Amino acid sequence: TDVRWRRRAVDRRELAGPARLLDLCTGTADLLVRSLSRDRRSSGLGVDLSHAMLVRGSKKLVRGRYSGRAALVGGDGEHLPVKDGVFDGALVAFGIRNVGDPVKAMREVLRVLRPGGRFVVLEFSTPGGLLGVGYRFYSRQVLPRLGGLVSGDASAYAYLPASVAKFPAPEAFASLMREAGFVDVRWQRLTGGIACLHRAEKPR
């Protein structure tokens, strides 16, 4: 399911031809790799605070032979180490909810995009109705125990549903994107609302 969501996120970039891409909160560079695989002429930069994840992501770039046209750097999403207007598109998957000030980070993304550049955000959400009831029970009661048994770190799997519960609903997050300066903001729920895909553009 995660692979399918990330594929949809890359699809929503809707960039034709070679492009310079920013992957915010890149982690181990999964989304960056998937983006670069679409066009061998494209290049990209992944930014993340976690050095350990960047080390793993760098190995992935080497294995996939992407290191010649992609780089990973340590950096804060609220203070991107990049000049203005250098990217054609930007993406972030499951990272924006962990940023201290999402609006500030999105303004930074806006700054480094060229006019008309598209920003795509893939993030967890909370479904409504009966699915939401079951989802909340699973995420709060089952997931931390199961995750703890598998990984030995139950706290990480307790943090996940807590951070998702605090994250703005799709409508509210769309308003934050507009507050940051983006236009043509759209969003769609995925898998019954367990995740949500947002897209917006920098004014031309």
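Residue numbers (the working numbering): 17 to 220.
Don't be surprised by glycine CBs; every beta carbon is placed ideally from N, CA and C.
Predicted, not measured: the structure shown is a model, and the values here were computed from it.
- Leaving aside the five residues that flank P118 on each side, the residues in its chain whose CB is nearer than 7 Å to its CB run, in chain order, I112, L192.
- Counting only runs of 3 or more residues that sit fully inside the segment 58-145, the beta strand (DSSP E) segments are 59-64, 86-90, 103-109, 129-140, in chain order.
- Proximity of the segment 131-149 to the segment 60-75 falls short of the contact definition, fewer than three beta-carbon pairs being nearer than 8 Å.
- For R215, the enclosing beta strand (DSSP E) begins and ends at 211-217.
- Excluding its 5 nearest sequence neighbours in each direction, G80 has C-beta neighbours in its own chain below 7 Å: V49, listed in chain order.
- At a Cβ-Cβ threshold of 7 Å, G60 and L88 do not count as neighbours.
- The Cβ atoms of L129 and K218 sit closer than 7 Å to each other.
- Sequence-distant Cβ neighbours of E124 in its own chain, meaning closer than 8 Å and more than five residues away, are G93, E94, H95, L96.
- The residues R36, V128, R130, in chain order, have a CB closer than 8 Å to that of V102 in the same chain once the five nearest residues on each side in sequence are set aside.
- Under the DSSP definition of a beta bridge, V199 partners with E217.
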